[in-house]
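In what follows, a structure is listed as structure tokens, so that the remarks can point back to it.
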Amino acid sequence: MLAVTACLVPGAAWGVLLLGPAALRVLGVAVGASLAAELVVQALAWRRFTLGDGSALLTGLLVGLSLPVYVPLFVPAVAAAFAAAVVKASFGGLGCNWMNPALGGRLFAAFSWPVLLAVRPQPAAGWLRLTAGLSDGSLLGGTGTAGLVSTLLLAVGGAYLLARRIAAWEIPAGFAAVFALAFWAFGGLPAGLFRGDLPSALGSGSFALAALFMATDPVTSPQGRGARLAFGAGCGALSFLLRAFGGRMEAPFAAAALMNMFVPLLDRWPAKRGPR
Amino acid sequence: MKSGEFRRILWRDNPLLVYLVGLCPALAVSDRLSNALLLAAVMLFALLGTGIAAVALERWAPPRLRLPVRLVLASALVTAAQRFLWAFAPTHAAGLGIYLPLLAVNCLLLASSASGSLGQSVAEAAGRGAAFAAGLGLLALVREVLGAGTITLFPIGSFRGVLHLRGLPPARVLAAAPGALLVLGYLSALSRWWTGRRP
Amino acid sequence: MSQPRSFPRGGVRPPERKSATAGLPIRRACVPAEALLPLRQHAGRAARCLVRLGESVAEGQPIGRAVDGLSADVHASIPGLVRQLREIRLPDGTSSPAVLVSLEGEFSRTGRVRRPEDWKALSRGELLQRLEAGGVVDQDGKPAAAKLRAEGGLVVVNAVESEPYLTGDQRLLVERAAEVLSGAAIAAFILGTGAVQVGVEADKKEALRSVAEAAAGSGFQLVPLAPRYPQGEESLLILALSGQRTGGRLEDSGSVTLGVGTLLAIHEAVTQAMPQIERVVTVAGEAVRNPANLKARLGTPVSALLEECGLGRPARVIAGGAMRGFALDSLDTPLTKDMNGILALSRREILPAVRTPCINCGRCAEVCPWGLRPADLFKWLERGEAAEARSRGLEACTECGCCAFVCPARIPLVQGLREGKRKGAA
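Right under this line is the structure:
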């Protein structure tokens with residue numbers, strides 16, 4: 001858990017450096033709300049506190065990173081609290097949730113305050129002399145260089161997780177492959193096939209965040225190579241459809257959440273059987 | 001009906017919150033308080049009617065006829081209420097939409113058992129209706145306040161009927177379908193916890 | 001030698017930790033003052049007690065008679081008087097009647113060298129009878145005579161010792177390969193085919209050399225195997241050696257697997273009429289000052305063996321290997337026919353045991369050699385849904401421990417599955 005949090009730091013640091021204190025506030029509020037919500041629910045329900053396992057911290061961080069910087073602060077607070085209290089704790093706590101908590105929180109925000117989260121240019125009030133471009137629904141990335149760099153930094157963290165086998169490689173692989181292929185093939189469709197704008201699709205912070213850190217949550221992803229590849233592929237396909245034809249910027253998050261629902265079914269994917 | 005029994009059906013055995021009976025219209029019309037109260041009123045009317053009729057049927061009708069007659073009677077009562085509303089309060093009737101006629105096949109209505117005397121039957125129907133109203137009203141209140149930032153009541157005189165609440169922008173999810181299930185789930189948990197029942 | 005063979009999926013490579021004892025020759029342990037002999041040191045029902053309180057017994061005298069096809073005779077490992085007959089708890093949690101013999105009188109077998117008999121003159125039936133009379137039991141608890149009764153097939157020498165710390169079999173191969181292979185030859189003769197395959201881990205160079213020398217010219221096939229746990233499991237061993245899937249029915253596989261210690265016991269039972277009254281056990285672990293490979297009498301209390309090697313302050317004492325053994329709460333437990341190791345481990349040598357929730361990481365499923373999903377089975381059993389667990393393959397579990405070894409949440413998977421299987425069998 002703490003390893004995953006550490007791997008988010010490069011991407012988060014980039015976001016803060018680019019966007020300034022506002023980004024720090026969003027992250028701080030999200031983390032604080034998540035920890036507080038978990039504390040309250042555990043005090044009411046089980047009288048057993050497990051905040052030390054770092055999962056509430058991770059949830060808060062992911063929720064914060066998945067929101068654009070220009071939202072009023074109650075949005076990350078409510079979203080993170082929803083994630084920790086409703087999506088995770090109400091179903092039984094760590095290991096019992098069926099949807100990734102950060103995804104649930106982010107989608108709650110998306111459907112509750114669509115106007116506040118609508119896509120607009122992110123104000124880059126940070127310490128770097130770069131423009132942040134249009135947000136892609138998350139704190140990081142957006143169009144242009146800023147987005148690409150954020151994806152790269154998240155990928156670095158993600159690569160560490162994959163190398164240490166904390167995250168299963170099949171999920172981001174399937175996700176990225178199908179997403180990229182679909183975007184390249186059908187993204188520029190009125191103009192013709194295979195003319196999609198690949199860099200802008202892949203250079204999306206929300207995509208990297210969802211593919212490497214949210215969809216790979218072991219609690220809400222299937223086991224077994226075939227099942228995981230299918231899961232990743234499904235996420236990729238849905239992300240493409242929702243973004244290209246639905247115009248929703250939080251497409252990768254919604255796609256992963258939808259695929260979370262199929263995990264019990266995917267878990268029945270026949271795995272390589274033993275000798276008996 | 002004794003007061004203890006009334007309290008019981010209101011909280012411990014609340015058909016909507018605890019047994020999750022009659023969910024379909026409940027979730028759909030609980031987006032506004034006025035809708036919820038109106039539907040609950042119609043439900044009460046229908047419950048009373050079928051309750052009284054059930055006693056009569058029990059005494060005079062052969063067993064095989066009882067259920068079909070009750071079904072027809074329930075439809076008739078609901079249709080009557082629907083016509084009444086369309087005549088005198090068309091906007092509200094439109095707000096309820098299809099869920100008003102759907103009451104005719106609502107489980108809560110059809111599940112009425114015919115208990116002994118007329119008085120008992122009426123009391124039970126009234127209790128059920130009140131419980132439904134309480135549950136639905138609470139659900140609608142929470143959903144509307146948190147999800148739309150308003151409280152919609154009936155226009156009386158110069159009062160237009162809608163109270164706007166100031167505060168943070170409302171969470172639209174709660175006013176929509178998923179919010180209904182979320183709020184109902186937590187209200188159900190709350191009522192069980194409050195009465196100390198084991199789930 | 002060709003590329004080492006192995007089994008297709010799963011398995012783990014726990015740290016070996018054999019360096020302390022791998023080079024130590026086997027030495028005799030002190031004879032205990034008292035021997036507590038369980039009457040059930042095999043897979044079947046407990047042997048019928050043949051002695052009474054106060055009776056004096058000779059060394060090697062039968063004190064328990066086999067009662068069914070899977071039970072074996074039990075013999076007195078020291079001469080003396082029967083002091084107590086009581087129920088004891090074995091390390092795996094089951095109980096067994098036991099005979100306590102206190103040392104008295106002279107040793108009728110030890111120290112008297114017998115001229116080894118030529119067994120080739122004996123018939124198949126006579127050989128089987130000698131094995132039964134010797135109470136020879138294999139490491140899986142089945143009597144050797146029962147395993148060899150059906151004619152035809154191949155003898156597979158299970159010389160794989162893939163659990164950490166254990167080096168007894170390895171040392172037997174280095175020091176007494178000729179006798180071990182003689183046991184294998186006897187077994188093959190009983191089966192009627194004379195065919196023997198020896199599976200040894202490829203990195204045990206000294207043992208491989210020793211076996212190769214002893215097997216030269218005998219026609220036995222020596223097969224190096226990849227050092228992976230649990231290579232020593234019978235079906236996985238047969239799979240690696242012959243590519244044959246046993247499908248859970250070992251009886252139909254056409255192979256009989258026997259351990260190194262068992263083969264030595266077979267050799268001694270046939271050529272010297274020596275019953276199984278002692279065995280080689282590795283006493284190791286950081287809390288043991290002088291680890292050793294001891295040849296000790298059955299019935300010796302574990303505490304005596306540990307004291308002989310110098311016991312420090314262990315965090316846990318295990319009877320058996322580090323993967324399959326059982327933690328002991330009492331050091332009075334006696335040495336039995338299946339106890340291949342006594343490990344006194346320090347805190348550093350044990351993985352932490354604080355349990356956290358399962359996060360579905362899937363590592364247990366990756367390492368299970370049978371392709372099961374241990375975490376899922378555990379969850380079904382925890383909810384009381386034993387039938388669901390069985391329909392998902394619970395019966396195929398051999399309690400090898402690979403899943404519990406890799407679980408990052410430290411969930412007691414083996415304990416849970418074992419409980420579930422026991423309840424199902426009940």
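Protein chains in written order, with my numbering: chain Y, 1 to 276; chain C, 1 to 199; chain D, 1 to 426. C-beta: ideal position from N, C-alpha, C; glycine also.
Test: isoleucine 359 of chain D CB closer than 8 angstroms to a CB of chain Y: Residue numbering aside, residue 359 of chain D sits at position 359 when the third sequence is read from its first letter. Yes, because at least one Cβ of chain Y sits closer than 8 angstroms to the Cβ of isoleucine 359 of chain D.
Beta-carbon separation (whole angstroms), arginine 243 of chain Y vs alanine 256 of chain Y, contact threshold 8 angstroms: Here residue 243 of chain Y refers to the residue found at position 243 when the first sequence is read from its first residue. Here residue 256 of chain Y refers to the residue found at position 256 when the first sequence is read from its first residue. Contact flag wrong, Cβ pair sits at about 13 angstroms.
CA-to-CA distance, tyrosine 160 of chain Y to leucine 62 of chain Y, given in whole angstroms: Taking the first residue of the first sequence as 1, we reach residue 62 of chain Y at position 62. Taking the first residue of the first sequence as 1, we reach residue 160 of chain Y at position 160. Distance between the alpha carbons of leucine 62 of chain Y and tyrosine 160 of chain Y: 17 angstroms.
Distance, leucine 148 of chain D Cα to methionine 1 of chain D Cα: The count along the third sequence starts at 1 and reaches residue 1 of chain D at position 1. The count along the third sequence starts at 1 and reaches residue 148 of chain D at position 148. Residue placement at methionine 1 of chain D is flagged as unreliable, the pLDDT there being 47, under the threshold of 50; the coordinate-derived value follows with that caveat. Rounded to the nearest angstrom, the two C-alpha atoms are 30 angstroms apart.
C-beta atoms of proline 408 of chain D and arginine 363 of chain D nearer than 8 angstroms: In the third sequence, residue 408 of chain D corresponds to position 408, counting from 1. In the third sequence, residue 363 of chain D corresponds to position 363, counting from 1. In this structure, arginine 363 of chain D lies closer than 8 angstroms to proline 408 of chain D by Cβ.
Neighbour list for leucine 94 of chain Y in chain D, Cβ cutoff strictly below 8 angstroms: Counted from its first residue, the first sequence places residue 94 of chain Y at position 94. Within chain D, the residues near leucine 94 of chain Y are Thr356, Pro357, Ile359.
Residue range of the beta strand (DSSP E) that includes glutamate 34 of chain D: Sequence index remark: in the third sequence, residue 34 of chain D carries index 34 (1-based). That run of the beta strand (DSSP E) goes 34–38.
Cross-chain neighbours of proline 218 of chain Y in chain D, by beta carbon under 8 angstroms: By 1-based counting over the first sequence, the position of residue 218 of chain Y is 218. Result: Ile359, Asn360, Cys361, Gly362.
Straight-line Cα distance separating leucine 394 of chain D from alanine 208 of chain Y: Here residue 208 of chain Y corresponds to residue number 208 of the first sequence, with the count starting at 1. Here residue 394 of chain D corresponds to residue number 394 of the third sequence, with the count starting at 1. Answer to the nearest angstrom: the Cα atoms are 39 angstroms apart.
Segment contact, 8 angstroms Cβ cut-off, at least three pairs: the segment 333–345 of chain D with the segment 89–106 of chain D: yes
Backbone secondary structure at lysine 147 of chain D - three-state DSSP: Your numbering for residue 147 of chain D matches position 147 in the third sequence. Lysine 147 of chain D falls in the helix class under three-state DSSP.
Nonlocal neighbours in the same chain, by C-beta distance under 8 angstroms from glycine 312 of chain D, ignoring five residues either side: For the purposes of this step, residue 312 of chain D is taken as residue 312 along the third sequence, with counting starting at 1. The answer, listed in chain order, is Glu286, Ala287, Val288, Arg289, Ala344, Ser346.
Cutoff 8 angstroms: alanine 173 of chain Y Cβ touching any chain D Cβ: The sequence position of residue 173 of chain Y within the first sequence is 173, counting from 1. Not an interface residue.
Cα-Cα separation between alanine 130 of chain C and leucine 163 of chain C, rounded to whole angstroms: For this step, residue 130 of chain C is matched to residue 130 along the second sequence. For this step, residue 163 of chain C is matched to residue 163 along the second sequence. Each residue's alpha carbon lies about 24 angstroms from the other.
Glutamate 366 of chain D (DSSP reduced to helix, strand or coil): By 1-based counting over the third sequence, the position of residue 366 of chain D is 366. Note: glutamate 366 of chain D maps to helix in three-state DSSP.
DSSP bridge partner residues for histidine 75 of chain D (one or two, in chain order): Counting from one through the third sequence, the residue named residue 75 of chain D turns up at place 75. Histidine 75 of chain D is bridged to D/Pro62.
C-beta neighbour in chain Y for glycine 371 of chain D, strict 8 angstroms: The count along the third sequence starts at 1 and reaches residue 371 of chain D at position 371. With 8 angstroms as the cut-off, glycine 371 of chain D counts as an interface residue toward chain Y.
Methionine 1 of chain D in three-state terms, based on DSSP: Against the third sequence, residue 1 of chain D aligns to sequence position 1. Caution is warranted here: a pLDDT of 47 is assigned to methionine 1 of chain D, below 50, making its placement in the model unreliable, and the coordinate value is therefore given only provisionally. Note: methionine 1 of chain D maps to coil in three-state DSSP.
Partner residues on chain C for valine 78 of chain Y, Cβ-Cβ distance less than 9 angstroms: Sequence index remark: in the first sequence, residue 78 of chain Y carries index 78 (1-based). Residues of chain C passing the Cβ test: Leu168, Ala171.
Alpha carbon of proline 178 of chain C to alpha carbon of serine 135 of chain Y, nearest angstrom: Here the question's residue 178 of chain C lines up with position 178 in the second sequence. Here the question's residue 135 of chain Y lines up with position 135 in the first sequence. The alpha-carbon atoms of proline 178 of chain C and serine 135 of chain Y are separated by roughly 27 angstroms.
CB contact check: alanine 365 of chain D to chain Y, cutoff 8 angstroms: Along the third sequence, read from residue 1 onward, the residue named residue 365 of chain D stands at position 365. Yes, alanine 365 of chain D counts as interfacial toward chain Y.
First and last residue of the uninterrupted alpha helix (DSSP H) at leucine 343 of chain D: As a first step, residue 343 of chain D must be located in the third sequence, where it is residue number 343. Segment 341–345 is the beta strand (DSSP E) holding leucine 343 of chain D; no alpha helix (DSSP H) there.
Chain D within 8 angstroms of aspartate 53 of chain Y, Cβ atoms only: Taking the first sequence and counting its residues from 1, the one referred to as residue 53 of chain Y is at position 53. With 8 angstroms as the cut-off, aspartate 53 of chain Y counts as an interface residue toward chain D.
Nearest-angstrom beta carbon gap, leucine 81 of chain D and glycine 60 of chain D [assumed within contact, 8 angstroms]: Sequence index remark: in the third sequence, residue 60 of chain D carries index 60 (1-based). Sequence index remark: in the third sequence, residue 81 of chain D carries index 81 (1-based). Wrong, their Cβ atoms sit about 16 angstroms apart, outside the cutoff.
Separation of leucine 131 of chain D from leucine 294 of chain D, as counted between CA atoms: Translated into the one-based positions of the third sequence, residue 294 of chain D becomes position 294. Translated into the one-based positions of the third sequence, residue 131 of chain D becomes position 131. So the alpha carbons of these two residues sit roughly 24 angstroms apart.
Cutoff 7 angstroms; reference alanine 319 of chain D; Cβ partners in own chain excluding five residues on either side: Position 319 of the third sequence, counting from 1, holds the residue named residue 319 of chain D. For alanine 319 of chain D, where only same-chain residues beyond five positions count, the Cβ hits under 7 angstroms are Pro91, Val302, Gly325, Phe326, Leu328, Thr333, Met339, Ile342.
Straight-line gap, cysteine 7 of chain Y to serine 66 of chain Y (C-alpha atoms, nearest Å): On the first sequence, position 7 is the one that residue 7 of chain Y refers to. On the first sequence, position 66 is the one that residue 66 of chain Y refers to. Whole-angstrom Cα-Cα distance: 15 angstroms.
Span of the beta strand (DSSP E), counted from its first residue to its last, around glycine 135 of chain C: Taking the second sequence and counting its residues from 1, one reaches residue 135 of chain C at position 135. Note, glycine 135 of chain C: premise wrong, no beta strand (DSSP E); alpha helix (DSSP H) at 118–147.
Within 9 angstroms of chain C by C-beta, residues of the segment 116–133 of chain Y in sequence order: Leu116
Range covered by the alpha helix (DSSP H) that runs through alanine 109 of chain Y: Your numbering for residue 109 of chain Y matches position 109 in the first sequence. Counting along the chain, the alpha helix (DSSP H) containing alanine 109 of chain Y begins and ends at 101–112.
Among C/Leu184, C/Ala74, C/Ser117, the one whose alpha carbon lies nearest that of leucine 201 of chain C: Past the boundaries of the shown model lies residue 201 of chain C; chain C is included only from 1 to 199, so the question cannot be answered.
Within 8 angstroms, strictly: CB atoms of arginine 128 of chain C and isoleucine 9 of chain C: Counting from 1 along the second sequence, the entry for residue 128 of chain C is found at position 128. Counting from 1 along the second sequence, the entry for residue 9 of chain C is found at position 9. Result yes, Cβ atoms of arginine 128 of chain C and isoleucine 9 of chain C sit closer than 8 angstroms.
Contact set for arginine 28 of chain D: own chain, Cβ-Cβ below 6 angstroms, skip 5 residues either direction: What you label residue 28 of chain D is simply residue 28 of the third sequence in a count that begins at 1. Counting only Cβ-Cβ distances below 6 angstroms, and skipping sequence neighbours, we find Lys295.
Same chain only: Cβ atoms within 8 angstroms of glycine 54 of chain Y, ignoring 5 sequence neighbours per side: To locate residue 54 of chain Y, count along the first sequence from 1; it is residue 54. Closer than 8 angstroms at the Cβ level, and outside the excluded window around glycine 54 of chain Y, lie Met1, Leu2, Thr5.
8 angstroms CB neighbourhood of tyrosine 45 of chain Y in its chain, flanking five on each side removed: Along the first sequence, one-based indexing puts residue 45 of chain Y at 45. In the sequence as presented, tyrosine is not what sits at residue 45 of chain Y; that position holds alanine. Contacts found: Ala89.
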